[in-house]
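For reference, the structure discussed in these notes is given below.
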Amino acid sequence: MLKFARFTALLTALFALVLTMGVCSSCEDVSHALGLSDTPIQVSPLAKELGFSKERPLVMGMNTRYAPLQYVDEKGKPLGYDVEFTTKLMRRMGIPFTFAPNIWDRMAPGIISGEYDMGMMVYSAYRKDSTYYSNAVFRIYYQIVYRKKDYTTFDFRHLKGKKIAYMKSRPVGEMLSAEGAEKVSVSDLGDAFADLAAGKYDGLIAYRFQAIHFIVEHHLDHLLQADELSLEPREYCYASHDKRLIDAINAELDKMEADGIVNEVYGKEVISQFGAIHIPLWVWWLLGAITFIFLLVYSINRYRLSKRLQLAHQRLLAAYDQMAEKNDALLIANERAEESTRMKSAFIKQISHEIRTPLNILSGFTQVLTTPGVELSDAEKGDISKQIVDSTDRITGLVNKMLELSDISSQTVLERTDEVTPALIAAQAVETSGIAAASHIVFNQNSEAGADVPLKTNLTAAIRILELLLDNAIKFTRPAEASLSRAKMEKQERVTLTVGQTDGTIRFVVEDTGIDIPASEAERIFDEFVQLDEYYDGTGIGLSVARSLARRLGGDVTLDTSYAGGARFIMTLPTE
Numbered sequence: 026m027l028k029f030a031r032f033t034a035l036l037t038a039l040f041a042l043v044l045t046m047g048v049c050s051s052c053e054d055v056s057h058a059l060g061l062s063d064t065p066i067q068v069s070p071l072a073k074e075l076g077f078s079k080e081r082p083l084v085m086g087m088n089t090r091y092a093p094l095q096y097v098d099e100k101g102k103p104l105g106y107d108v109e110f111t112t113k114l115m116r117r118m119g120i121p122f123t124f125a126p127n128i129w130d131r132m133a134p135g136i137i138s139g140e141y142d143m144g145m146m147v148y149s150a151y152r153k154d155s156t157y158y159s160n161a162v163f164r165i166y167y168q169i170v171y172r173k174k175d176y177t178t179f180d181f182r183h184l185k186g187k188k189i190a191y192m193k194s195r196p197v198g199e200m201l202s203a204e205g206a207e208k209v210s211v212s213d214l215g216d217a218f219a220d221l222a223a224g225k226y227d228g229l230i231a232y233r234f235q236a237i238h239f240i241v242e243h244h245l246d247h248l249l250q251a252d253e254l255s256l257e258p259r260e261y262c263y264a265s266h267d268k269r270l271i272d273a274i275n276a277e278l279d280k281m282e283a284d285g286i287v288n289e290v291y292g293k294e295v296i297s298q299f300g301a302i303h304i305p306l307w308v309w310w311l312l313g314a315i316t317f318i319f320l321l322v323y324s325i326n327r328y329r330l331s332k333r334l335q336l337a338h339q340r341l342l343a344a345y346d347q348m349a350e351k352n353d354a355l356l357i358a359n360e361r362a363e364e365s366t367r368m369k370s371a372f373i374k375q376i377s378h379e380i381r382t383p384l385n386i387l388s389g390f391t392q393v394l395t396t397p398g399v400e401l402s403d404a405e406k407g408d409i410s411k412q413i414v415d416s417t418d419r420i421t422g423l424v425n426k427m428l429e430l431s432d433i434s435s436q437t438v439l440e441r442t443d444e445v446t447p448a449l450i451a452a453q454a455v456e457t458s459g460i461a462a463a464s465h466i467v468f469n470q471n472s473e474a475g476a477d478v479p480l481k482t483n484l485t486a487a488i489r490i491l492e493l494l495l496d497n498a499i500k501f502t503r504p505a506e507a508s509l510s511r512a513k514m515e516k517q518e519r520v521t522l523t524v525g526q527t528d529g530t531i532r533f534v535v536e537d538t539g540i541d542i543p544a545s546e547a548e549r550i551f552d553e554f555v556q557l558d559e560y561y562d563g564t565g566i567g568l569s570v571a572r573s574l575a576r577r578l579g580g581d582v583t584l585d586t587s588y589a590g591g592a593r594f595i596m597t598l599p600t601e
């Protein structure tokens, strides 16, 4: 064991000696090549704490074929935006460093195994358990490059049979496989762009800054064209096996972002942005009309609520003159008024969020449809039309909910003249809610004894109640991305609807595996504007409307507090 330890120490010393003799480019050499200060780095206490010194500098692995971010010239000198940025970063942190150029297939495993102290790479969920990532230095976007003469507009939705080249990337590879494309993994983008121009491929997927760089470098702008690709943007980060190093880099990155150094180094070509969006005048008129309707409905509702509160206050004052004990009731009424005002304020904030999302969709697709020269396929037009209709329906549904809210306190019994079966009510509610088509859940429907026994009720109201409960299950099983991990967001939830009859009462039971509801909140969730979790969509009025309608039909909607692992709502209706 002693001999082995001495042998290991000898290898470590030789490795440090090789680095300092110039196998990898030193920090002073790179600084000189980039036109930065040649002043030797003053070794900081942080560097010593992390184990780095002039004799044992930090070794950064770099990809020799990743222009314009990192590459080497004819003499093997490291160049690129990453080299310049890392040089600035290390100088600010006072850490001696050196670059170790290599090909990607050797560099990435070297970072993970600890052969290199760090490197820069795209964040990957598949590697997050084997290495540490820093905060994103910037985000990068995908483009697809194709020959101008072959395609007037490249059909992104029909890649089947097309030969598509791409740098090794699991998300891109999985997307191409799903589309039935003939995928070709390449390691040298420069050669791939030349091969694309020569007709070897039908298309090439690369990051936006790579497409710009290689089209200009190879003078292919008259042959090739690039368009945005609707893949999720990726985060470009530092990676290392040493968490202490990553934590120190994160702290310095925040300062460099505040000082504008990230934009100074990368902003000219890498961190490109979309151009300004021009919104047509008629869209502003539409937004104004929708806002006016919203304010009108809100004002009417506020006026009605204010009138009711004033009437209750007057009655309490009159009762106070007759009975001193009515004073407690008056105090309670005042507290409820204050709570109502607070909840209405929360409701305004939530409704603004609910209406902004579909409006953004309408605005975005309006920009696409009104942009001169944009040609869309029938499939694209159909998809845009569907999303516009869905967004319009969402806004309409929101307005309808607010109109229903104005009648929530009514005690008028609804007419029950429709003779239908519980199974029919369930089927129509499932259809109108769209829960069976929700991609993030598995929906099951069970029928028990009595599901096909006719009852007299109000069919429209009964369907509406069950639809609201199913809609509630859809919302609160959808992941709230602001508070959940990546693994949790990929989990598929379950919703079960059970229809049956017990002791002469029709029961519709909706169970889900979404967020739990504390037993202490079992009644409060049916109050107007109440939302227990602000990270989920919703207005806080659906359950209030559902219970109001159910009680006007002689039934009720309650929460089963004994259920664990989600929420179970029970809707009951009388059989006669």
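Remember, the working numbering sits 25 above the position in the sequence shown when you count from 1. Using N, Cα and C, we set each Cβ at its ideal position, and we do this for glycine too. This structure is a prediction, so every number in the text was calculated from the model and none was measured.
Cα atoms of His247 and Val322: separation of roughly 56 angstroms, rounded to the nearest angstrom. Going by C-alpha positions, Ser587 is about 50 angstroms away from Ser138. Distances from the alpha-carbon of Gln250 to those of Ile240, Pro258, Leu256 put Ile240 closest. Counting along the chain, Val467 sits inside no alpha helix (DSSP H); it lies in the beta strand (DSSP E) bounded by residues 466-472. Distance from Arg549 to Asp537 at the Cβ level is roughly 19 angstroms; contact not present, criterion being Cβ atoms closer than 8 angstroms. The shortest C-alpha to C-alpha distance from Trp129 to any of Glu282, Ile120, Gly119, Met145 is the one to Met145.
Cα atoms of Thr446 and Pro383: separation of roughly 36 angstroms, rounded to the nearest angstrom. With respect to Val84, Thr123 sits close: the two C-beta atoms are nearer than 7 angstroms. Each of Leu71, Leu254, Val555, Leu387 was checked against the Cα of Ile566, and the nearest Cα belongs to Val555. As a beta-bridge residue in DSSP terms, Ile165 pairs with Arg259.
Counting the other Cβ atoms within 10 Å of the Cβ of Phe77 gives 16 or more, which makes it buried. For Lys481, the enclosing beta strand (DSSP E) starts and ends at 480-482. Counting only the Cα atoms, Ile66 lies some 36 angstroms from Ala231.
Bounds of the beta strand (DSSP E) holding Met85 are 83-88. Using a Cβ distance threshold of 7 angstroms, Gly228 and Ile189 count as a contacting pair. DSSP places Lys188 outside any alpha helix (DSSP H); the residue lies instead in the beta strand (DSSP E), whose first and last residues are 188-192. Scanning its chain for C-beta atoms nearer than 8 angstroms, with the 5 sequence neighbours on each side dropped, one finds around Ala448 the residues Ser472, Ala476, Asp477, Val524, in chain order. Shown here for Thr597: same chain residues with a beta carbon closer than 7 angstroms to its own, the five before and five after excluded, namely Thr530, Ile531, Arg532, Gly580, Asp581 in chain order. Judged by pairs of C-beta atoms under 8 angstroms, the segment 169-177 touches the segment 208-228, as three or more such pairs exist. Taking one beta carbon from each stretch, the segment 260-275 and the segment 352-366 have fewer than 3 pairs nearer than 8 angstroms; the two do not touch. Secondary structure of Asp537 (DSSP, three-state): strand. For the pair Gln526 and Lys208, the Cα-to-Cα distance works out to about 56 angstroms. Residue nearest to Tyr171 within the set Ser194, Asp541, Ile237 is Ile237 (criterion: CA-CA distance). A direct Cα-Cα distance of roughly 50 angstroms separates Thr396 from Glu546. In this structure, Leu94 keeps its C-beta atom at 7 angstroms or more from the C-beta atom of Gly101.
In the three-state reduction of the DSSP assignment, Leu221 falls in the helix class, which pools H, G and I.
Positions of the beta strand (DSSP E) runs, each at least 3 residues long and wholly inside the segment 233-293, are given as 249-253, 259-265 in order along the chain. Taking all protein chains shown into account, Glu80 has fewer than 16 neighbouring C-beta atoms within 10 Å of its C-beta and is therefore exposed. Only buried fits Ser159, as 16 or more other CB atoms lie within 10 angstroms of its CB.
For Asn385, the secondary structure class from DSSP, reduced to helix, strand or coil, is helix. Our two residues, Asn359 and Lys332, have alpha carbons roughly 14 angstroms apart in a direct line. In the assembly as shown, Leu401 is an exposed residue. Its beta-carbon has fewer than 16 other beta-carbons within 10 Å.
Taking Ile488 as the centre and dropping the five residues before and after it, the same chain places the C-beta of Ile450, Gln453, Ala454, Thr457 closer than 8 angstroms to its C-beta, in chain order. Scanning its chain for C-beta atoms nearer than 8 angstroms, with the 5 sequence neighbours on each side dropped, one finds around Val290 the residues Tyr106, Glu109, Phe110, Lys113, in chain order. Membership of Phe501 in any beta strand (DSSP E) is not indicated, and neither H nor E is assigned to it by DSSP.
As the crow flies, the alpha-carbon of Glu199 is around 23 angstroms from that of Val467.
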